[in-house]
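Top line first, the protein sequences correspond to chains L and H. Numbering follows UniProt numbering, in which position 164 of the first sequence is assigned residue number 164; successive positions increment by one, without gaps. Numbering follows UniProt numbering, in which position 263 of the second sequence is assigned residue number 263; successive positions increment by one, without gaps. Since the structure comes first, as structure tokens, the remarks are kept for the end.
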Amino acid sequence: MKAIIILDQMQAGLGGKERADTPLGGQRVAMGSADTTEKALAKNAGKLLGTFYCGTAYYTDNRELVQRKFTKMAEQMGADVVLIGPTYDYPEFAQMACELAAAFQTQTTIPAIAAIAEEKNADLIAQYKDQLTIVKAPKKGGTGLSDAVDHLAEGAALLAAGKDISEFKANYCY
Amino acid sequence: MQKKFESVLMPVATKLGNNVVLRSLRDGFLIITPLIIVTSIFLLIGNFPIPGWEKFWTGVLGPHWMEWFSSVSNSVFSFTGILSTIGIGYAYGKNRGLEAIHAAIVALVSFLILTPTSFNVGKTAVSAVQTMYVGPNGIFLGIFIAIFSVEIYRFVVRRHWTIKMPDGVPPAVSQSFDALIPSAFVILTFFLVRVLFSLTSFETAYNFIYTMLQAPLKHVGNSLPSVVLYNFLASLLWCFGINGPTITNSVWSPIFFVLTQDNLKAFQNHLPLPHIYTQPFIDIFTTYGGGGSTLSLLIVMFAVCKSKRIRELGKLAILPGIFGINEPIIFGLPVVLNPIIAIPFITVPVLNTLISGIVMTLGWVPRTNGVLLPWTTPPIISGWLATGSWTASVLQLFELILGILIYYPFVKMLDKQYLGEEAAAMKKELDIDFSQV
């Protein structure tokens, strides 16, 4: 399984809220919190192709561009699956995660999976939970992060292999 | 190993974090914290740690200028017991699904019922409330009263023992009648409590709680092992992604709050400061730049590391880090679920706590005056303002450097790992070129 992880500027290790205008970019390594997810991917025979990042404010101002660039680049790099998050309870990143996952679903054949906290994102999750695979994750500083990362990687492996995920969704997703 | 730790820690942390009483205590204290910070600044201006300060301003503003400032600080510091009762009553009511303002008022009235309202001056009985009952010494009593009064109120509300007004009665009138019977139950209960205590040798609920609970708990909490345990657990939990201080404050915040208020009162009255382990001690002398004392980590990242990712993050996060903001590091390095960084992240605050505690016990650095500085106050300045002594700034600088030395080998290990990954990626090119698509 070849995977790409998508993060916002904070999770990618590119600064805090004041750096929300960070333009889209990417590196062929695990950036920031992707390091933890990469280890979980490895347990599921996964290999990280790279990390895509984008500041949340930049994304809001350039939705179509970011969606197009990320989907095209993931296709070009030959990704089997895309993982987004964990977004914790950051609402801007959660919004970006859902919209990007939806873009992958409609514009490519690459499956996408996101991990989002319910806090501050209840309406968003209600809107996307049937359409997308959204793993339950804790809010910032909440309990259960390690499990959420494991589930994110496990779900990615199932999606990449084209397996039935209804049981996984019932157990770990919204 | 990590999973084992998690299986033990998670249930405890979740239970503590979700406990409605502990959560309400924390939220209740948070309601009055802004008032304490603002009035602390007035206290600090009145007692600024510069020789000749008081004399200078007396010459400029006249002999009463100190009173102007102390009247502001008194408005909070002499009434922390009563303010805590209102704050906790409000928070507990809200968390229990009640009308929060009703809960706060019920808690306040219950507190006043148990407060002695007369005392003797010589042979004359004076009708007044002594501030000793409503200040720091009344905080623990206030906690109990807030929780019990709101719980009794809720008990009656849940059983619908209320007076139902007919439709068409304005909501404000109807709500007032709704509160009538629940309030009556609370008031009757606290009336009986007051009568019962007057029949005992304690005479008042205040004396009972202070002697049996507040004094012993203060004694246990006001010790080096207690504070070391606090910082150890707070840092350990962060390594699992859990906001450690939120959990540990649930247990420790009432104790630290009381100890801090004791020092503030003493500072205001120019008396010797009674305690070492106050909230400012925790905030100012155990961690620098946020949980895990990450300012030391940032300096290593900024100054020594070669990996592109670490250096970039160090550069971006150093300025916020000086002001105590370490969210970009916690999630962006990351610290959470990172076994390499976990070791210094836990060790540095624990060592700082030990050193600061010992140094203050030996009297090499003065104790904190209890002034709650805004949490963004950078180290060096914060040490001086919190104690009035430059030796405190030296202690902070020493601990900051010690932190750098402890973080160094671990960050270098991470740097080496990241450098290896970056070198491997460089064979193709590290950065992904999105202009191609």
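No residue lacks a Cβ here, since even glycine has one placed at the ideal position from N, Cα and C.
C173 (chain L) is bridged by DSSP to L:V135. Here the C-alpha atom of A117 (chain L) lies approximately 35 Å from the C-alpha atom of M426 (chain H). Residues Y230, L233 and A234 of the same chain have their beta carbon placed closer than 7 Å to that of T248 (chain H), with the five preceding and five following residues left out of the count. Membership of I110 (chain L) in any beta strand (DSSP E) is not indicated, and neither H nor E is assigned to it by DSSP. In this structure, DSSP gives Y408 (chain H) a helical state, which the three-state scheme calls helix. Taken atom to atom, the span from the alpha-carbon of T361 (chain H) to that of S226 (chain H) is near 15 Å. Distance between Q11 (chain L) and F331 (chain H), taken at the CA atoms: about 6 Å.
Boundaries of the beta strand (DSSP E) harbouring Y53 (chain L): K47 to Y53, taken from the DSSP string. For F119 (chain H), the enclosing beta strand (DSSP E) has its first and last residue at S118 to V121.
Annotation for T286 (chain H): no alpha helix (DSSP H) segment contains it, and DSSP assigns it neither H nor E. Residue pairing by DSSP puts L83 (chain L) in a beta bridge opposite L:I5 and L:I113.
Secondary structure at G81 (chain H): helix, using DSSP grouped into helix, strand and coil. Sequence-distant Cβ neighbours of A125 (chain H) in its own chain, meaning closer than 6 Å and more than five residues away, are S118. W384 (chain H) is not a Cβ neighbour of G324 (chain H), given a cutoff of 7 Å.
Counted as a single uninterrupted DSSP element, the stretch harbouring S435 (chain H) is not any beta strand (DSSP E), since DSSP gives it neither H nor E. For G25 (chain L), the enclosing beta strand (DSSP E) has its first and last residue at G25 to Q27.
Listed in chain order, the non-local C-beta contacts of L22 (chain H) below 8 Å within the same chain comprise L16, S250 and V251, local neighbours out to five positions each way being set aside. One finds nothing in chain L with a Cβ atom closer than 8 Å to the Cβ of E99 (chain H); even the nearest lies about 24 Å away.
Rounded to whole angstroms, the gap between the alpha carbons of M31 (chain L) and L271 (chain H) is 54 Å. Sorting L:K139, L:G26, L:F104 and L:L145 by C-alpha distance to the C-alpha of L159 (chain L) places L:F104 at the top.
Under the Cβ distance rule, R63 (chain L) does not count among the residues neighbouring chain H, no pair being separated by less than 7 Å. At a beta-carbon threshold of 8 Å, the residues of chain L lying near N243 (chain H) are K140, G141 and G142, ordered along the chain. In chain order, R28 make up the part of chain L whose C-beta sits under 7 Å from the C-beta of K428 (chain H). The C-alpha of V359 (chain H) is placed about 19 Å away from the C-alpha of S293 (chain H). For a Cβ distance threshold of 9 Å, residue set F434, Q436 and V437 of chain H lies close to K72 (chain L), ordered along the chain.
Against T36 (chain L), the close residues of chain H are P334, V336, L337 and N338, in the order they occur along the chain (beta-carbon pairs closer than 8 Å). Counting only the Cα atoms, L100 (chain L) lies some 14 Å from I125 (chain L). Taking all protein chains in view, the Cβ of V12 (chain H) is surrounded by fewer than 16 other Cβ atoms within 10 Å, so the residue is classified as exposed. Put simply, the CB of P378 (chain H) is far from chain L, with every gap to its CB atoms at 7 Å or more. Excluding residues up to 5 positions away in sequence, L295, P379 and L400 lie with their Cβ nearer than 6 Å to the Cβ of Y288 (chain H) in the same chain. Contact between the stretch 121-136 of chain H and the stretch 170-187 of chain H is absent: fewer than 3 CB-CB pairs across the two stretches fall below 8 Å. If the five residues before and after Y206 (chain H) are omitted, its C-beta is found closer than 6 Å to the C-beta atoms of Y133 and L141, all from its own chain and listed in chain order. Here S127 (chain H) is bridged, per DSSP, to H:S118.
The stretch 101-120 of chain H and the stretch 48-68 of chain H do not touch, with fewer than 3 CB-CB distances between them shorter than 8 Å. Between the alpha carbons of Y153 (chain H) and I163 (chain H) lies a gap of roughly 14 Å. Look at F331 (chain H): its C-beta is under 7 Å from a C-beta on chain L.
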